[in-house]
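Notes follow the structure.
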Amino acid sequence: MFPTLILLNFEFPVENLLLPAIFIPLLTSSLALLSWGADRVWLLRQILLLMALNGFISFLIWLAVVFGDSFYVLELGT
Amino acid sequence: MFVVVSTISGAVHFYSTEYMQEDPHLTRFMGYLSLFTFFMLVLVASNNLLGLFLGWEGIGLCSYLLIGFWTNRVQANKAAIKAMVVNRIADVFLTAGLVTMLFFYQSLDFSIILGTSHLFTTSFIFISDTSIPLFTLITLLLFLGAMGKSAQLGLHTWLPDAMEGPTPVSALIHAATLVTAGIFLIIRCSALFERAPTTLLFVGFIGAATAFFAATSGLMQNDLKKIIAYSTCSQLGYMTFTCALSQYHISFFHLANHAFFKALLFLSAGALIHGVGNEQDLRRYGSLSRLLPYSYVMLLIGSVALMGFPFLTGFYSKDLILEVAAATLAPIGLYTWWFGLLTAFCTAFYSLRLVYLAFFTANNSFRSTLPLIHELPTLMGSALAVLALGSIFMGYYGRDLFVGWGTQL
Numbered sequence: 004m005f006p007t008l009i010l011l012n013f014e015f016p017v018e019n020l021l022l023p024a025i026f027i028p029l030l031t032s033s034l035a036l037l038s039w040g041a042d043r044v045w046l047l048r049q050i051l052l053l054m055a056l057n058g059f060i061s062f063l064i065w066l067a068v069v070f071g072d073s074f075y076v077l078e079l080g081t
Numbered sequence: 081m082f083v084v085v086s087t088i089s090g091a092v093h094f095y096s097t098e099y100m101q102e103d104p105h106l107t108r109f110m111g112y113l114s115l116f117t118f119f120m121l122v123l124v125a126s127n128n129l130l131g132l133f134l135g136w137e138g139i140g141l142c143s144y145l146l147i148g149f150w151t152n153r154v155q156a157n158k159a160a161i162k163a164m165v166v167n168r169i170a171d172v173f174l175t176a177g178l179v180t181m182l183f184f185y186q187s188l189d190f191s192i193i194l195g196t197s198h199l200f201t202t203s204f205i206f207i208s209d210t211s212i213p214l215f216t217l218i219t220l221l222l223f224l225g226a227m228g229k230s231a232q233l234g235l236h237t238w239l240p241d242a243m244e245g246p247t248p249v250s251a252l253i254h255a256a257t258l259v260t261a262g263i264f265l266i267i268r269c270s271a272l273f274e275r276a277p278t279t280l281l282f283v284g285f286i287g288a289a290t291a292f293f294a295a296t297s298g299l300m301q302n303d304l305k306k307i308i309a310y311s312t313c314s315q316l317g318y319m320t321f322t323c324a325l326s327q328y329h330i331s332f333f334h335l336a337n338h339a340f341f342k343a344l345l346f347l348s349a350g351a352l353i354h355g356v357g358n359e360q361d362l363r364r365y366g367s368l369s370r371l372l373p374y375s376y377v378m379l380l381i382g383s384v385a386l387m388g389f390p391f392l393t394g395f396y397s398k399d400l401i402l403e404v405a406a407a408t409l410a411p412i413g414l415y416t417w418w419f420g421l422l423t424a425f426c427t428a429f430y431s432l433r434l435v436y437l438a439f440f441t442a443n444n445s446f447r448s449t450l451p452l453i454h455e456l457p458t459l460m461g462s463a464l465a466v467l468a469l470g471s472i473f474m475g476y477y478g479r480d481l482f483v484g485w486g487t488q489l
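Residue numbers (our numbering), protein chains in the order written: chain A, 4 to 81; chain B, 81 to 489.
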């Protein structure tokens, strides 16, 4: 219930979640491509943590779409 | 779409850490995967066509880098170049469409384009002595662009060849996300397509032909990944012709469902390939249900969901697609319904053939590989479990969201 409460009752601006959700994979990519010589296990753990965080943020966005009524509806032709 | 991309991408990242563990360039691989996810999220979240185009080109570049990831394989390099060339041909049309829109609308913002479209209903473009309605030209160019990315008939040749890349790449890029970008573009610009009936006819014709052609191609393949690749092509045909029937929400529903069960199919195929020592020829499999029970269950769930087995994910969207095709009182409805129905039969046939050859025939692998056959590690298994849950329940729980409240089958 906690994320739903944040998103709905306190009218958390969901659009703010989009930016971190988009840029976390870029951060992950930079981490993987630019960290030459870093410990492989440590690096993989960071990547997986970041991707899990990205998944969680996307889940919050999904909650907002399903239970909220203020966010991003596809303009369908029908 | 955002959630679909993030979920599948997360599962593939988890899977890849184990699958590519032996590869010395694992970190480069993970870097490319994440970069692809970034560009895909830019594509789906952008509120203007320029941002969408940036994401579009970005995923094209990442696709090239990931197909040719094993640079020492000649076939992989050739496949990467082929994918790049075919997609660039399509991108020429997409760019031309965007330039035309910029010329008339003075903007590439979705809200401006869709909000002012009614002002251009009587606009024509004159090419030599022929006048073409503006919407027909724009949507035709956009669709030709989408054809390359979504592997529609004529520009589909890169997709089966792209299977030379690592299996997690096939799951993320060539099944669940990149190939659906073209469908997403059509859905996003659906208000324009609705004003261009000639283009919609063309879209329906190409979509249904792709669905049937790819399904018949899949019937006789012996390469495990190529069968799944052709089935992807075929399902993309379903999504395309559903757009032509003006049922964009059902097309999107099938897109989301397909992402889950196709990623599951590819990743379980990867588990089989991994388990039997990198063999992809189905004729070298057999009796694997006893040796690899977990992979067997996962591949079976993916296959039956793809077939449209009742009450699994694929059933809800595929049944709706055939229903709306049958209910469309126009020649295109009849045409898409027949091709859709025949494609559904072919899909069931090649899916069952795959399961039968891999799991129930006598084992035909080399004697030396038998002791090496092993079940997949825990992390890979958990990624498959997440996708399996999506493949079972996504259709049931998603139909209200995508199709509308109270739609009971």
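Note that beta-carbon positions come from the ideal geometry of N, C-alpha and C, so glycine has one too. Nothing here was measured: the structure is a model prediction, and the numbers come from that model.
Handout entry: S230 (chain B) in three-state terms, based on DSSP
Key = Start at 1 with the first residue of the second sequence, and residue 230 (chain B) comes out as number 150. Three-state result, S230 (chain B): coil.
Practice task
Would you list the one or two residues that DSSP bridges to T210 (chain B)?
Solution key: Locating residue 210 (chain B) in the second sequence gives position 130, counting from the first residue. According to DSSP, which records beta bridges pairwise, T210 (chain B) is partnered with B:I207.
Problem - Proximity of T257 (chain B) and M100 (chain B) at Cβ, strictly below 8 Å - result: In the second sequence, the residue the question calls residue 257 (chain B) occupies position 177. In the second sequence, the residue the question calls residue 100 (chain B) occupies position 20. The answer is no: Cβ separation not under 8 Å.
Handout entry: For T216 (chain B), the nearest candidate out of B:T278, B:V124, B:A226, B:A405 (CA to CA)
Key = Taking the second sequence and counting its residues from 1, the one referred to as residue 216 (chain B) is at position 136. Among B:T278, B:V124, B:A226, B:A405, the Cα nearest to that of T216 (chain B) is on B:T278.
Problem - G58 (chain A) at chain B interface by Cβ criterion, 8 Å - result: Reading the first sequence from its first residue, position 55 is the one you call residue 58 (chain A). For G58 (chain A), the answer is yes, since a Cβ of chain B falls inside 8 Å of its Cβ.
Handout entry: 8 Å Cβ cutoff, G121 (chain B) in contact with chain A
Key = The residue labelled residue 121 (chain B) in the question sits at position 41 within the second sequence. Checking the sequence shown, residue 121 (chain B) turns out to be Leu, not Gly. Interface residue, yes.
Exercise for the section: Give a yes or no on whether the minimum CB-CB distance between T290 (chain B) and chain A is below 8 Å. Expected result: Position 210 of the second sequence, counted from the first residue, corresponds to residue 290 (chain B). Chain A contact via Cβ: absent.
Handout entry: For N128 (chain B): DSSP bridge partner residues
Key = Here residue 128 (chain B) corresponds to residue number 48 of the second sequence, with the count starting at 1. In the DSSP output, where bridge partners are listed per residue, N128 (chain B) has B:D189.
Practice task
Please confirm if A125 (chain B) has its CB atom under 8 Å from at least one CB of chain A.
Solution key: Residue 125 (chain B) sits at position 45 when you count from the first residue of the second sequence. Yes, contact with chain A.
Exercise for the section: Would you grab the beta carbon distance between Y374 (chain B) and E455 (chain B) for me? Rounded to a whole angstrom, and I think it's under 8 Å. Expected result: The sequence position of residue 374 (chain B) within the second sequence is 294, counting from 1. The sequence position of residue 455 (chain B) within the second sequence is 375, counting from 1. Confirmed, about 6 Å.
Exercise for the section: Note down the Cα distance separating L52 (chain A) from S203 (chain B), rounded to an integer number of angstroms. Expected result: Within the first sequence, numbered from 1, the residue matching residue 52 (chain A) stands at position 49. Within the second sequence, numbered from 1, the residue matching residue 203 (chain B) stands at position 123. Spanning the two alpha carbons is a distance of roughly 52 Å.
Practice task
Taking all protein chains shown into account, decide if L489 (chain B) is buried (16 or more other Cβ within 10 angstroms of its Cβ) or exposed.
Solution key: On the second sequence, residue 489 (chain B) is found 409 positions in, with the first residue counted as 1. For L489 (chain B), the pLDDT reaches just 47, beneath the cut-off of 50, and the residue's location in the model is therefore unreliable, although a value from the coordinates is still provided. Exposed, because fewer than 16 other Cβ atoms sit within 10 Å of the Cβ of L489 (chain B).
Problem - 8 Å contact criterion, which D241 (chain B) and K342 (chain B) should meet: CB distance rounded - result: As a working note, residue 241 (chain B) is residue 161 in the second sequence. As a working note, residue 342 (chain B) is residue 262 in the second sequence. Not confirmed; about 18 Å, so no contact.
Problem - Residues of the region 104 to 115 of chain B with Cβ closer than 9 Å to any Cβ of chain A, in chain order - result: L106, T107, R108, F109, M110, G111, Y112, L113, S114, L115
Practice task
With P338 (chain B) as the anchor, note down where its alpha helix (DSSP H) starts and where it stops.
Solution key: Your numbering for residue 338 (chain B) matches position 258 in the second sequence. Residue identity differs from the one stated: residue 338 (chain B) is His in this sequence, not Pro. H338 (chain B) -> alpha helix (DSSP H) spans 328 to 355.
Exercise for the section: Ignore the nearest five residues each way along the sequence and tell me which others in G420 (chain B)'s own chain have a CB closer than 6 Å to its CB. Expected result: Reading the second sequence from its first residue, position 340 is the one you call residue 420 (chain B). Correct list, in chain order: L402, A405.
Exercise for the section: Verify the CB distance criterion: does F200 (chain B) have a CB-CB separation below 8 Å to chain A? Expected result: Taking the second sequence and counting its residues from 1, one reaches residue 200 (chain B) at position 120. By this cut-off, F200 (chain B) is not an interface position.
Handout entry: Cβ-based contacts, 8 Å cut-off: residues of the region 86 to 101 of chain B near chain A
Key = S86, T87, S89, G90, H93, F94, T97
Exercise for the section: Would you kindly check if the distance between the Cβ of L115 (chain B) and the Cβ of C142 (chain B) is under 8 Å? Expected result: For the purposes of this step, residue 142 (chain B) is taken as the residue at position 62 of the second sequence. For the purposes of this step, residue 115 (chain B) is taken as the residue at position 35 of the second sequence. Taking 8 Å as the Cβ cut-off, C142 (chain B) and L115 (chain B) qualify as a contacting pair.
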